[in-house]
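Report on one structure; see the data block that follows.
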Amino acid sequence: MSALVQPTSNQTAGVPDPWITGAEMLVEALRSEGVEVIFGYPGGAVLPLYDALYECGIPHVLTRHEQGAIHAAEGYARVSGKTGVVIATSGPGATNLVTGLADAMLDSLPIVAITGQVPTSVIGSDAFQETSIISISTPITKHNYQVRTAQELPGILKEAFHIASTGRPGPVLIDIPKDVANASGIFDYQEPVQVPGYQPTIKPNQMQLRKVVSAIRAAKKPVILAGAGVLHAKAHESLRQFAEQTQIPVVHTLLGLGGFPADHSLYLGMGGMHGSLVANMALYETDLLINIGARFDDRLTGNLQYFAKNAVVVHIDIDPAEIGKNVRTHIPVVGDAGESLKSMLDMELTPVQADEWMAYLLQLRDEYPFWYQQDGTLKPQRVMEIVHQQTQGEAVVVTDVGQHQMWAAQFYPFNGPHRWVTSGGLGTMGFGLPAAIGAQLGAPDRTVVAIVGDAGFQMTLQELSVLAESQLPVKVIIFNNHSLGMVRQWQELFYEGRYSETLLSNQPDFVKLADAYHIPGFRVEGEEDFARALQAGLATDGPVLIECRINPEENVFPMVAPGKGIHEMVGVKP
């Protein structure tokens, strides 16, 4: 992998002049925050910022669309655990960030988005490329600011990074008018952050945790539901210890994959609409559900009338707004997942007396694994198995959204954290390729595999230019079924096969497209051909694209139909 070009800094003293422009303040703040990479796209309103970035020493990735920039920042944040930074100009530049902001908000990713704005003297006059990005972004950001003077910029920047990365992480937007970026002020970044209205609870209430421990002792059918909050808290090791000490089995949400080893004897798999039968039956029949860092999304719970209906529900979450929002909670615990698990590990934990429960669950796990039928075509499930074999399960897997996303989640087991990057809450098509760019920059020494569908790939395929330009060694695998696969599946199952605008007949030649970007490309239609192509691709230093022609009628099973209970799965066995 070739490194991004590192600009040389024009500073020799190492300490900025205290009287500098707003644009220079931004650069100094980014340095102070330890920002490793910036994703962005310049324009008129951010020209002062980009002029200041010219020799700042922080690598900048010029994506080919602002949506690509923010998805790349998301991928970087997910893998590195650090705050992703994105810059866009005013008007269309800012509005092109909206999808990524909403995506980061729902999936709790720390992002600082910096947008340009028209000069303060013409705000509100419908000036060229003016939009009220503050109004637009308020529902989909953790917080936002419009800077009015250069002097307030250092404090706002410091607050923004603090808010984005603490508590429940999320995106923060800073809107900087062009005249503010040009104005001068004194740069002081030493003042501690003081936000009286923002005091996230990190340490959990010990009395509530003792109630959890008591509930564990009384339980006969306990289960742990582990969400992305475990990963954000870097609590995967504490979760393993907690599960082993209590002998409680673990179910993951889609975004929680990797927070508990998939090869562990207590692991039941992913729950939800396309989860495993054993995971869903555990959630349905449990008498004690311990939710750690998950938000009870509807794709997990199915019809709430049937979800954990006989269970004492424990919900441990750093965001109090999530507790009791969807599922009635009997023992609420507000606090960081890692701090909560460590506190309970210090209490007197004993294994639950649930031999019959575990025997029942293990029987279901063995009898109803994820499955597929060989029919002579290239099976997407088998593709994921081969990817897992050839990467020894150590790759960072980034997906777009759709059927391929579910096949990746089902057939690529994760035994460690921060190896799974996907769009969960918003389900954003076009996420996969740019997010893989960010993931590769966040984990430069790891193999990054982007699993995308033919439809979603075409939404952001221009970012292949970034892969080629920087020679990032991302391996792009396209599942080409000539359709909007998941939507087509729903039309087949629930709309009598009326395929309204979901079949893609005029597809580009993806191999020629890769060649146009100077990226090696392969087209495969059989299992052996794919295995050879992947082996060659993994041995290549730079990016590679592999198009897999799969059966357009292949569906994702098992499945909980909309409106059904989590126990009412179809397609659990051939």
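Under the numbering used here, think of the first position of the sequence shown as 2, with each following residue one higher. Using N, Cα and C, we set each Cβ at its ideal position, and we do this for glycine too. Nothing here was measured: the structure is a model prediction, and the numbers come from that model.
For this session: Under 6 Å Cβ to Cβ from P435, same chain only, skipping five residues before and after it: list those, please.
Result: G69, H72, A73, T461 and E464
For this session: With DSSP as the reference, label Y369 as helix, strand or coil.
Result: coil
Problem set entry | CB of G41 within 8 Å of CB of H61, strictly | yes
Exercise. What is the rounded straight-line gap between the Cα of L267 and the Cα of E192?
Worked result: 47 Å
Exercise. Is N482 helix, strand or coil when you go by DSSP?
Worked result: coil
For this session: Would you kindly report the start and end of the unbroken beta strand (DSSP E) that includes I135?
Result: Run containing I135: none in the beta strand (DSSP E); it sits in the alpha helix (DSSP H), I134 to S138.
For this session: Give the range of the alpha helix (DSSP H) segment to which T247 is assigned.
Result: H237 to T247
Exercise. If we ignore side chains and look at the alpha-carbon of each, how far apart do P19 and A30 end up?
Worked result: 12 Å
Exercise. Taking Cβ positions, are S91 and Q130 nearer each other than 8 Å?
Worked result: yes
For this session: Kindly indicate which three-state DSSP category H316 falls into: helix, strand or coil?
Result: strand
Exercise. So, are the CB atoms of P155 and D176 less than 8 Å apart?
Worked result: no
Exercise. Which value, in whole angstroms, describes the spacing of the CA atoms of F558 and G377?
Worked result: 19 Å
Problem set entry | C-alpha distance - L305 paired with M274, whole-angstrom precision | 13 Å
For this session: Could you check what DSSP says for G92 in three-state terms: helix, strand or coil?
Result: coil
For this session: Quickly, what does DSSP pair P178 with across the bridge? List them, please.
Result: Q118
Exercise. In whole angstroms, what separates the C-alpha of L577 from that of R296?
Worked result: Outside the displayed range of the chain (2 to 575) lies residue 577, so it cannot be described from this structure.
Problem set entry | Separation of Q393 from G85, as counted between CA atoms | 28 Å
Exercise. To which residues of the same chain is A95 closer than 7 Å at the C-beta, ignoring the five residues directly before and after it?
Worked result: A89, T116, T132 and I134
For this session: Kindly confirm or deny that the segment 347-359 and the segment 370-388 touch, where touching means at least three C-beta pairs closer than 8 Å.
Result: no
Problem set entry | alpha helix (DSSP H) runs contained entirely in the segment 500-528, provided each spans 4 or more residues | 511-517
Exercise. Which whole runs of the alpha helix (DSSP H) in the segment 314-401 are 4 residues long or more, in chain order?
Worked result: 338-346, 356-368 and 381-391
Problem set entry | Beta-carbon contacts of G572 that lie in its chain and below 7 Å, excluding the five residues immediately before and after | F558, P559 and M560
Exercise. Out of A216, T167, L504 and V194, which has the shortest C-alpha to C-alpha gap to I332?
Worked result: A216
Exercise. Taking DSSP as the reference, what is the three-state secondary structure of L5?
Worked result: Any reading at L5 is ruled out, since the residue's pLDDT is 47, under 50, leaving its predicted position unreliable.
For this session: Report yes if the CB atom of G259 is closer than 8 Å to the CB atom of R499, and no otherwise.
Result: no
For this session: Quick one: residues in its chain with C-beta nearer than 6 Å to the C-beta of E181, no 5 flanking neighbours on either side, listed in chain order?
Result: The sequence given here has Val at residue 181, not Glu. The residues are G23, V148 and A151.
For this session: Excluding the 5 residues preceding and the 5 following P553 in the sequence, name in chain order all residues of the same chain whose CB lies nearer than 7 Å to its CB.
Result: N482, H483 and S484
Problem set entry | Closest Cα partner of L256 within the set A220, L278 and I293 | I293
Exercise. In whole angstroms, what separates the C-alpha of G403 from that of A184?
Worked result: 47 Å
Exercise. With DSSP run on the structure shown, which of helix, strand or coil describes W20?
Worked result: strand
Problem set entry | Proximity below 8 Å, CB of V228 to CB of T247 | Val is not the amino acid found at residue 228; the sequence shown has Gly there. Contact: no.
Exercise. Do you know how far the Cα of R533 is from the Cα of T142?
Worked result: 44 Å
Exercise. Quick one: what does DSSP say F580 is sitting in, helix, strand or coil?
Worked result: Absent from the structure is residue 580, since the part of the chain shown begins at 2 and ends at 575.
Problem set entry | Among G35, P49 and G44, the one whose alpha carbon lies nearest that of I21 | P49
Problem set entry | 8 Å Cβ cutoff met for L27 and A46 | no
For this session: Give the range of the alpha helix (DSSP H) segment to which R300 is assigned.
Result: D299 to T302
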